[in-house]
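Worksheet: the structure to be examined is printed underneath.
In the numbering used here, the protein residues as written are 10 to 123.
In structure tokens form, the structure reads like this:
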């Protein structure tokens, strides 16, 4: 997101919480269980900048794609690191999993999942 869009977003949404959404899947035929998942975490406005800078620092980039990271062992370790960062030790974070779908081995794109 460019700076102009980000500034417009902050002005429009002010102090309201934001849902960060992640869609991911694993269709690697080498894995015995494949999946599609859509999840969100609700972030209070006071935590947005802290969360964003922490994610960018841990991802070592402003770009992140969980499905890509899951394709390698190193990437899976990196995903775990980011999830550990997002988790609240007290368990008080507001997370929502809205879709979890098994993907058949023959579905190499995940598009046929029902």
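Note that CB positions come from ideal geometry on N, CA and C, so glycine has one too.
These figures come from a predicted structure and were not determined experimentally.
Segment limits, beta strand (DSSP E) that includes residue 33 = 27–35
Please state whether DSSP places residue 113 in a helix, a strand or coil.
-> coil
Specify the secondary structure class of residue 51 as computed by DSSP and reduced to three states.
-> strand
Measure the CB-CB distance between residue 96 and residue 87 and report whether it falls below 8 Å.
-> no
Residue 16 bridges to which residues according to DSSP?
-> In the DSSP output, where bridge partners are listed per residue, residue 16 has none listed.
Chain-order list of residues whose beta-carbon lies under 7 Å from that of residue 112 (same chain, five-residue window excluded) = 34, 36, 43, 44, 45, 119, 122
Could you tell me which of 18, 39, 82 sits nearest to residue 114, measuring between CA atoms?
-> 39
Can you name the start and end residues of the alpha helix (DSSP H) that residue 94 belongs to?
-> 82–95
Residue 75 burial status per 10 Å Cβ neighbour count (16 or more: buried) | buried
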